[in-house]
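Below is one structure, written out as C-alpha coordinates, with a few remarks after it.
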Amino acid sequence: MNIQTIQEKLKSQQLFDSIIQKYTLLIDEKMIEQGALFFVPLGGKEIKIVLPAPLHKDFLADESQITYKKLLLQKEIIILK
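With positions in the sequence shown counted from 1, the corresponding number in this note's numbering is that position plus 2.
Following this line, the structure appears as C-alpha coordinates:
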(Lines of atoms letter the chains of each structure in order from A; the text may use other names.)
(Lines give C-alpha, C1' and ligand atoms only; values in the text may rest on other atoms or scores of the structure.)
Protein backbone atom coordinates (compact mmCIF):
# COMPACT_ATOMS: atom_id res chain seq x y z
CA MET A 3 0.00 0.00 0.00
CA ASN A 4 1.41 3.39 -0.90
CA ILE A 5 1.37 6.64 1.06
CA GLN A 6 -1.15 8.36 -1.22
CA THR A 7 -3.70 5.59 -0.72
CA ILE A 8 -3.23 5.74 3.05
CA GLN A 9 -3.63 9.54 3.02
CA GLU A 10 -6.84 9.33 0.98
CA LYS A 11 -8.37 6.72 3.26
CA LEU A 12 -7.46 8.70 6.39
CA LYS A 13 -8.95 11.86 4.86
CA SER A 14 -12.17 10.01 4.01
CA GLN A 15 -12.39 8.86 7.65
CA GLN A 16 -11.55 12.39 8.86
CA LEU A 17 -8.50 11.07 10.73
CA PHE A 18 -5.73 12.64 8.65
CA ASP A 19 -5.09 15.52 11.08
CA SER A 20 -5.98 13.50 14.19
CA ILE A 21 -3.55 12.63 16.94
CA ILE A 22 -2.32 9.04 16.72
CA GLN A 23 -4.00 6.99 19.42
CA LYS A 24 -2.14 3.70 19.19
CA TYR A 25 1.63 3.20 19.01
CA THR A 26 4.41 1.40 20.84
CA LEU A 27 8.16 1.71 21.17
CA LEU A 28 10.36 -0.97 19.63
CA ILE A 29 12.92 -2.02 22.24
CA ASP A 30 15.54 -4.72 21.73
CA GLU A 31 16.83 -7.28 24.26
CA LYS A 32 19.45 -4.80 25.50
CA MET A 33 16.67 -2.31 26.33
CA ILE A 34 17.73 0.06 23.52
CA GLU A 35 14.96 1.84 21.61
CA GLN A 36 15.03 0.88 17.94
CA GLY A 37 12.12 3.05 16.84
CA ALA A 38 8.35 3.27 17.15
CA LEU A 39 5.54 1.22 15.64
CA PHE A 40 2.34 3.09 14.77
CA PHE A 41 -1.02 1.43 14.15
CA VAL A 42 -3.07 3.22 11.49
CA PRO A 43 -6.80 2.37 11.20
CA LEU A 44 -8.02 2.09 7.62
CA GLY A 45 -11.66 1.15 7.61
CA GLY A 46 -11.98 -2.41 8.81
CA LYS A 47 -8.28 -3.12 8.95
CA GLU A 48 -5.17 -1.66 10.50
CA ILE A 49 -1.77 -1.10 8.93
CA LYS A 50 1.50 -0.72 10.77
CA ILE A 51 4.12 1.95 10.13
CA VAL A 52 7.62 1.96 11.64
CA LEU A 53 9.62 5.11 12.30
CA PRO A 54 13.21 4.03 13.02
CA ALA A 55 15.52 5.36 15.71
CA PRO A 56 16.68 8.00 16.41
CA LEU A 57 14.01 9.87 14.39
CA HIS A 58 11.19 8.54 16.53
CA LYS A 59 12.44 10.49 19.59
CA ASP A 60 12.06 13.88 17.90
CA PHE A 61 8.70 12.85 16.44
CA LEU A 62 7.35 11.74 19.84
CA ALA A 63 8.78 14.71 21.76
CA ASP A 64 5.67 16.90 21.35
CA GLU A 65 2.53 14.81 21.91
CA SER A 66 0.24 17.39 20.31
CA GLN A 67 2.17 17.01 17.04
CA ILE A 68 1.88 13.22 16.78
CA THR A 69 -0.62 13.12 13.90
CA TYR A 70 -1.11 10.75 11.00
CA LYS A 71 -0.34 13.63 8.62
CA LYS A 72 3.03 14.36 10.25
CA LEU A 73 3.87 10.65 10.39
CA LEU A 74 3.22 10.18 6.67
CA LEU A 75 5.41 13.19 5.87
CA GLN A 76 8.43 11.45 7.41
CA LYS A 77 10.61 10.15 4.56
CA GLU A 78 12.10 7.39 6.68
CA ILE A 79 8.90 5.53 7.53
CA ILE A 80 8.51 1.87 6.72
CA ILE A 81 5.02 0.60 5.87
CA LEU A 82 4.49 -3.01 6.95
CA LYS A 83 2.09 -5.41 5.26
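The beta carbon of each residue, even a glycine, is placed where N, CA and C say it ideally should be.
**Study point:** Alpha-carbon spacing of Ile8 relative to Lys32, whole angstroms
**Key:** Each residue's alpha carbon lies about 34 angstroms from the other.
Practice item. At 4 residues or longer, and completely inside the stretch 35-60: list those alpha helix (DSSP H) runs for me, N to C. Key: The stretch 35-60 contains no whole alpha helix (DSSP H) run of 4 or more residues.
Practice item. Give the C-beta separation of Leu2 and Leu28 to the nearest angstrom, bearing in mind that I take them to be a contact with Cβ-Cβ under 8 angstroms. Key: With the chain covering 3 to 83 only, the question about residue 2 has no answer from this structure.
Point to revise | Residue from Gln15, Lys47, Thr26 and Glu10 whose Cα sits closest to the Cα of Ile68 | key: Distances from the CA of Ile68 to each of Gln15, Lys47, Thr26 and Glu10 were compared; the closest alpha carbon is that of Thr26.
Exercise for review: Could you check if Gly46 is buried or exposed, using at least 16 other CB atoms within 10 Å of its CB as the buried criterion?
Suggested key: Gly46 counts as exposed, since fewer than 16 other beta carbons sit within 10 angstroms of its beta carbon.
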